[in-house]
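Number of protein chains: 2
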Amino acid sequence: MKLLMKRKKIVENEYLEKQVHKLNKIGIALTSEQNLDKLLEMIVWEARNLVNCDAGSLYIKKDDLLDFVVSQNDTMTKRLGEAKIKELFKTFSLPITKESVSGYTALTGEILNIPDVYEISKNSEYKINLDYDRRNQYRSRSMLVVPLKDNENKVIGVIQLINALDKAGNIIPFSGAMAEELICSLGSQAAVAIKNAQLTKDLKAAYLDTIYCLSEAAESKDKDTGMHIQRVSNYSVALGKKLGLAERELELILYASPMHDIGKVGIPDAVLLKPGKLDVEERKIIEQHTVIGGNILSKAKGPFSKISKEIALTHHEKFDGTGYPNKLIGEEIPLSGRIVALADVFDALINKRCYKSAMSCDDVIEIIKKESGKHFDPKIVTAFFDSYKEIIEIFEKNKDTPLENSTKI
Amino acid sequence: MKLLMKRKKIVENEYLEKQVHKLNKIGIALTSEQNLDKLLEMIVWEARNLVNCDAGSLYIKKDDLLDFVVSQNDTMTKRLGEAKIKELFKTFSLPITKESVSGYTALTGEILNIPDVYEISKNSEYKINLDYDRRNQYRSRSMLVVPLKDNENKVIGVIQLINALDKAGNIIPFSGAMAEELICSLGSQAAVAIKNAQLTKDLKAAYLDTIYCLSEAAESKDKDTGMHIQRVSNYSVALGKKLGLAERELELILYASPMHDIGKVGIPDAVLLKPGKLDVEERKIIEQHTVIGGNILSKAKGPFSKISKEIALTHHEKFDGTGYPNKLIGEEIPLSGRIVALADVFDALINKRCYKSAMSCDDVIEIIKKESGKHFDPKIVTAFFDSYKEIIEIFEKNKDTPLENSTKI
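Here the protein sequences line up with chains R and U, keeping their order.
Everything in the first sequence is counted per our numbering, starting at -1 for the first residue and increasing by one.
Everything in the second sequence is counted per our numbering, starting at -1 for the first residue and increasing by one.
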């Protein structure tokens, strides 16, 4: 008898040992993922793998609410297909109260391991919300709800695992202490990884915001040009995405393109702020903002410096070689410069500027079409029309308020 | 006999289980540490704790070299004291060749577990460097050299543990597979944590560089003002440190202070670039750069926005209430504004400016002393003299090259 127990203990130990090693590997994978959205999906995925279950969700604490951010369900995915599932997914927020299971866990820091959620006692503080089951004809049964606690033991979110499966695919309760311990450990690693990814995301957002703020100040000499710079930066990314650029390149464009007109700080007021038309000499002076911008940005050392310099210098070149400052032709113009050229002109046309009124969308489209192969790279014009819906969304979302002034192109 | 082996297996399993749990906790602690230097120390510390040894070092791979970045040694610390040890520590670089043990591990990715480094076979590819032992009258004996492999299995560094100890404090060889496995796992977690901390460090450096670049462009209208902005930013941090500000506050000042003159973009050329003295009206106009700067930065959303606005608006206020734009008195002026006021004036005085030649250090010191309680907060003047050595180092390290031009204060 004693020997039997020992044998069992060895098997358990070996299983646990294997799982903890796995957990270690997962921890490394989690902390390697810097993209917050991907990380959140990965956490649920790995947790489900670790204890073998059909479905799982993730909630992130935000002030007094729990944001529902990830939902995975193998049965539903098999039934409806991945695309449909993605379409159906809607994020929502939940108050953190003891009434819901996730709220209960977020509030108390306790693990809930429920064999069948349809048989939760009426006297229990928490209840199960059956909306999901009813809406999707799904049967939630066993459930493991675990807090994500960070290194200071603060709950930053909740992971909810649904319907543990045995090897034959039958729904069983989650195994006791072992599953709880594993998911708890995973939860701690996940919490730290989430915090890190969030810090990086916040830092990047602050960085971008500073670029927008300083670039706009430099371009507009304190007159508010509204959201022009943000829009150009976002159009450029949309075009780049359609052109198949990698994520890293898109990020470079996002950060570098707002600085395209930084060289205007070097243009004398007498020219930059002159009302009405400029003469030939004055045009030559204003065209120098490309060269000046390139010089300014050539002093920067960061990862965006090469591309920001490139964009500042070449965003007024034209595909047919009639642009400035270097009359580059076709693909002599760096791709980034060709992208921002279209984004910049499109935004100038579609917005009310001090020296002309806004054009209708149809007129703008007509001009862009006509300039394909002349001002613009035809490839980028195609990308523009292919991402037209997204571009208009960016425009609508970042519209200037009516009071805002503007500058020349 | 069989039973005995099983008993041994159980004890081993339980030991390993405990250690792996510990490892898990360490992984979380490592990934929570964002400061690279602290992280590197922590890695060696935790590794030494995990396998109980007297000393340890860490090498980080940088191109074709191994940088020696951490050295811990309990025996030496007991003998000489912590302070002396820190003073003696010198970072150096090693070529990555098979000749040294750390180079061997970095190159091959193999673990070296050596019972006595004085008895390495003459035919071995690697040799032990006994300089450290000779210089410090230390006896290195057992050694465990483990690669730090990241999530892509690339070696990013090497950890070298020296002189494993038994419970009585006697030097013993590192236990075989178990110690190797533990340190290897720790190494993987450490590698990812190092990569993350490095990414954050790089991102912050890029951010600061962009702020420097754009702030300088805005202030100088493309005329190179040299390193003025970098110096003011660094003096301000030195002053803040001496005043006892927390690390986070120092970081805010580092990032926010370079933008103190951003409002100059709103000052007309006719005033900003006027040679010679300004009349009363013109002075009033130029003084508006504080208000304009405050307005520009009030649009920013990042973590530095509050303090950068504060600094832009108040860095020309004077402690006795005779400054501008709001004639604030004493501690009505935010601390950040009072700090940058002194840093900005000091740098203006000590550098050659277009409208006056540089002053001698003695003259500058005299002015700052005289202005204590008038222009400057006496507390900050004290901090200035207390950190004078560091301030002069910042000045020397960031000197303008002779060709560079300059602007007015």
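Don't be surprised by glycine CBs; every beta carbon is placed ideally from N, CA and C.
Item: Can you find a C-beta in chain U that's less than 7 Å from the C-beta of T208(R)?; Value: yes
Item: Assuming V263(R) is part of the alpha helix (DSSP H), what are its boundary residues?; Value: It is not in any alpha helix (DSSP H) - V263(R) carries neither H nor E in the DSSP assignment.
Item: In this structure, does DSSP put Q158(U) in helix, strand or coil?; Value: strand
Item: Is it a yes or a no for the segment 95 to 102 of chain R touching the segment 162 to 179 of chain R, going by three-plus beta-carbon pairs under 8 Å?; Value: no
Item: Just the Cα atoms here: how many angstroms apart are D259(R) and I192(U)?; Value: 37 Å
Item: My assumption, with CB atoms under 8 Å, is that K396(U) sits in contact with Q228(U). Please give the rounded CB distance.; Value: Lys is not the amino acid found at residue 396(U); the sequence shown has Asn there. At roughly 5 Å, the Cβ-Cβ gap stays under 8 Å, so N396(U) and Q228(U) are in contact.
Item: Select from the segment 256 to 282 of chain R all residues with a C-beta closer than 8 Å to any C-beta belonging to chain U, and list them in chain order.; Value: M257, I260, G261, V263, G264, P266, D267 and A268
Item: Find the residues of chain U that neighbour A298(R), judging by a C-beta separation of less than 7 Å, and give them in chain order.; Value: D207, T208 and C211
Item: Rounded to a whole number of angstroms, what is the C-alpha to C-alpha distance between A244(R) and I251(R)?; Value: 11 Å
Item: So with CB distances below 7 Å, who are the chain U contacts of L248(R)?; Value: Correct list: empty, because the minimum Cβ distance to chain U is about 16 Å.
Item: In or out: S200(U) buried (at least 16 other Cβ within 10 Å) or exposed?; Value: The question names Ser, but residue 200(U) is Asp in the sequence shown. D200(U) should be labelled exposed.
Item: According to DSSP, which residues form a beta bridge with S370(R)?; Value: F374(R)
Item: Considering N71(U), what are the terminal residues of the alpha helix (DSSP H) in which it resides?; Value: Careful: N71(U) lies outside any alpha helix (DSSP H), inside the beta strand (DSSP E) at L63 to N71.
Item: So, with DSSP's three-state summary, where would you put K387(R)?; Value: helix
Item: Rounding to the nearest angstrom, what Cα-Cα distance links K59(R) and K152(R) in this structure?; Value: 11 Å
Item: To test your reading of the DSSP string, which unbroken alpha helix (DSSP H) runs of 4 or more residues are found completely within the segment 248 to 309 of chain R?; Value: 267 to 270 and 278 to 296
Item: I need the straight-line Cα distance from T208(U) to L271(U), nearest angstrom please.; Value: 25 Å
Item: State the DSSP-derived secondary structure class of I192(R), mapped to helix, strand or coil.; Value: helix
Item: Could you check the C-alpha separation between P93(U) and L34(R) for me, to the nearest Å?; Value: 37 Å
Item: Chain R beta carbons: is any one of them nearer than 7 Å to that of T320(U)?; Value: no
Item: 7 Å is my cut-off, CB to CB: does S183(U) come that close to chain R?; Value: yes
Item: Helix, strand or coil: which one does DSSP assign to K406(U)?; Value: Note on K406(U): pLDDT 38, under 50, position unreliable in the model; no value is reported.
Item: Which residues share a DSSP beta bridge with C51(R)?; Value: A162(R)
Item: Under 7 Å, do P273(R) and D267(U) count as touching if we go by C-beta distance?; Value: no
Item: Exposed or buried, which one is Q135(U) when buried takes at least 16 other CB atoms within 10 Å?; Value: exposed
Item: Determine whether the beta carbon atoms of S370(R) and V362(R) lie at a separation below 7 Å.; Value: no
Item: Mind listing the chain U neighbours of S186(R)? Cutoff is C-beta to C-beta under 7 Å, in chain order.; Value: I26
Item: Leaving out five residues before and five after D345(R) in sequence, what residues of the same chain have Cβ atoms less than 8 Å from its Cβ?; Value: H226, R229, V230, Y233 and F393
Item: Just the chain U side, please: which residues come within less than 8 Å of L252(R) by C-beta, in chain order?; Value: Going along chain U, no residue has its Cβ under 8 Å from L252(R), so there is no contact; the nearest lies around 13 Å.
Item: Any beta-carbon of chain U closer than 7 Å to the one on I294(R)?; Value: yes
Item: With a 10 Å radius around its C-beta and 16 neighbouring C-beta atoms as the bar for buried, classify L206(R) as buried or exposed.; Value: buried
Item: Name the residue from G79(R), A236(R) and L159(R) whose alpha carbon lies nearest to the alpha carbon of L180(R).; Value: L159(R)
Item: At a CB distance below 9 Å, what residues from the segment 86 to 120 of chain R approach chain U? Give them in sequence order.; Value: none
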